[in-house]
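Going by this note's numbering, the sequence shown opens with residue 117, and the numbers climb by one from there. Each remark here refers to the structure printed beneath this line.
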Amino acid sequence: MTALEMMEALGFPADEEKAAKLTEYNAMVIAMSKKVNLTGIKDVDESLIKNVYDSLTVYDAKYFPEKGKVLDLGTGAGFPGVPLAILRPDMLFVLVDSIQKKLTFVEDACKKLGIKNVKCVHMRAEEGGRRRKTREAFDVVTARAVKAMPIISEWALPFVKVGGVFAAMKGPGAMEEMKQAGKILRELHAELSEKKEFELPGGDKRCILYLKKTAPCPKTYPRKVGIAEKKPIIGE
Ligand code: SAH
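Listed below in structure tokens is the structure:
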């Protein structure tokens, strides 16, 4: 499958310039992964599906407003943040990770490809969620393969504007995780607005949970660095 075919398969207008950027970014990730640990996937075609295509599945026009702001939490090698930024050049994408080396790669690659709407920020999710500049500042927060729902919800939701969404990109166990996150989601004023279940080309099962934020999060969240992982709030 080519990037252009991929865009068509996902229902996006076929755009050769965007397809070329997606292809090139994917190739850069794979070339770099041979030197440093960026993604587990080492094959270009496999990465195009499992990283690039998978990243684009979270896109849904109704949640991504014109000129809005998106935060990608635990972006790693830039997934899903960079493919989404290529798709939507009008929006600003803030990519956060606690490992600087990964962000340096993402920044360099975006510069080479002329992707101007990506800003990389080196910080821990728990710090950013408490900062005035980034708290309740985003229309959408995405996170793929970062932590289980109770933890990632505590990290992600403080960044979301009231009325915005946290899009959690999960595998087949998503609803089980969702149950365990019931209590923290209530405390943070988030409710499940949509669940998308589908398969990637090749058959891997995916599930995306869109959680809508209905009111500001209590000031006590996120708790200090490391606490959500050490003492996750688990319960229905
Ligand atoms: N989203 C990417 C990477 C997933 S790996 C993808 O799907 O390919 C999880 C990433 O989360 C790692 O890059 C790790 O450095 C980052 N991470 C872990 N804990 C974090 C924290 N507290 N704050 C910010 N990033 C964190």
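We put the CB at the ideal spot given by N, CA and C, even for glycine.
Alpha-carbon to alpha-carbon, SER149 and ALA225: C-alpha separation (whole angstroms): 13 Å.
Residue ranges of each alpha helix (DSSP H) within the stretch 163 to 209, 4 or longer: Correct list: 197 to 203.
CYS333 - DSSP class collapsed to helix/strand/coil: Looking at CYS333 - three-state DSSP - the assignment turns out to be coil, as it is neither helix nor strand.
Identity of the residues DSSP links to THR354 by a beta bridge: With the chain represented from 117 up to 352, any question about residue 354 goes unanswered, as that position is not in the structure.
According to DSSP, residues forming a beta bridge with PHE282: Note: PHE282 sits in a beta bridge opposite VAL257, LEU327.
Cut-off 6 Å between Cβ atoms - residues of its own chain near SER309, not counting five sequence neighbours on either side: So the list reads TYR326, LYS328, once near-sequence residues are dropped.
Inter-residue Cα distance where the pair is ALA130 and ALA259: Taking the straight line from one Cα to the other gives about 26 Å.
Residue environment, GLY342, which counts as buried when at least 16 other CB atoms sit within 10 Å: Exposed is the call here.
Residue interval of the beta strand (DSSP E) (run including SER309): That run of the beta strand (DSSP E) goes 306 to 315.
Heavy atom of the ligand SAH within 7 Å of SER214 beta-carbon: SER214: yes, Cβ under 7 Å from the ligand SAH.
ALA356 versus GLY156: straight-line alpha-carbon distance, rounded: Because residue 356 is not part of the residues shown, which for the chain are 117 to 352, the question remains open.
Start and end residues, alpha helix (DSSP H) containing TYR145: Tyr is not the amino acid found at residue 145; the sequence shown has Val there. Bounds of the alpha helix (DSSP H) holding VAL145 are 132 to 149.
Closest residue to ILE231 among LYS249, PHE254, ASP206 (Cα-Cα distance): Residue ASP206 is the option with its Cα nearest to ILE231.
Beta-carbon separation (whole angstroms), LEU154 vs LYS218, contact threshold 8 Å: About 6 Å separates the two Cβ atoms, so the contact holds.
Cβ contact check for the stretch 202 to 216 and the stretch 173 to 192: 3 or more pairs under 8 Å: Three or more Cβ pairs drawn from the stretch 202 to 216 and the stretch 173 to 192 lie within less than 8 Å of each other, which places the two stretches in contact.
Selected residue, minimal CA-CA separation from VAL281, among GLY351, MET291, PHE128, ASP176: VAL281 has its Cα closest to that of ASP176, out of GLY351, MET291, PHE128, ASP176.
Near the ligand SAH: PHE195 beta-carbon under 7 Å from a heavy atom: Yes.
Buried or exposed by the 16-neighbour rule on C-beta atoms within 10 Å, applied to THR250: Here THR250 is buried: its Cβ has 16 or more other Cβ atoms, across all protein chains shown, within 10 Å.
Contact test: LYS158 Cβ vs the ligand SAH heavy atom, cutoff 7 Å: No, since every heavy atom of the ligand SAH falls outside the 7 Å radius drawn around the Cβ of LYS158.
Element boundaries [beta strand (DSSP E), containing LYS235]: For LYS235, the enclosing beta strand (DSSP E) has its first and last residue at 234 to 238.
Closer than 7 Å: GLY190 CB and nearest the ligand MG heavy atom: As presented, the structure is devoid of the ligand MG, carrying the ligand SAH as its sole ligands.
Separation of ALA261 from VAL146, as counted between CA atoms: The displayed chain sequence assigns Ile, not Val, to residue 146. If you take the alpha carbons of ILE146 and ALA261, they lie about 18 Å apart.
Own chain partners of GLU307 with C-beta closer than 8 Å, once the 5 adjacent residues on each side are dropped: Apart from the 5 residues on each side of it in sequence, GLU307 sits with its Cβ closer than 8 Å to the Cβ of LEU301, LEU327, LYS328, THR330 in its chain, given in chain order.
Inter-residue CB distance, PRO317 and TYR169 (contact presumed, cutoff 8 Å): Approximately 7 Å separates the beta-carbon atoms of PRO317 and TYR169; this is inside 8 Å, confirming the contact.
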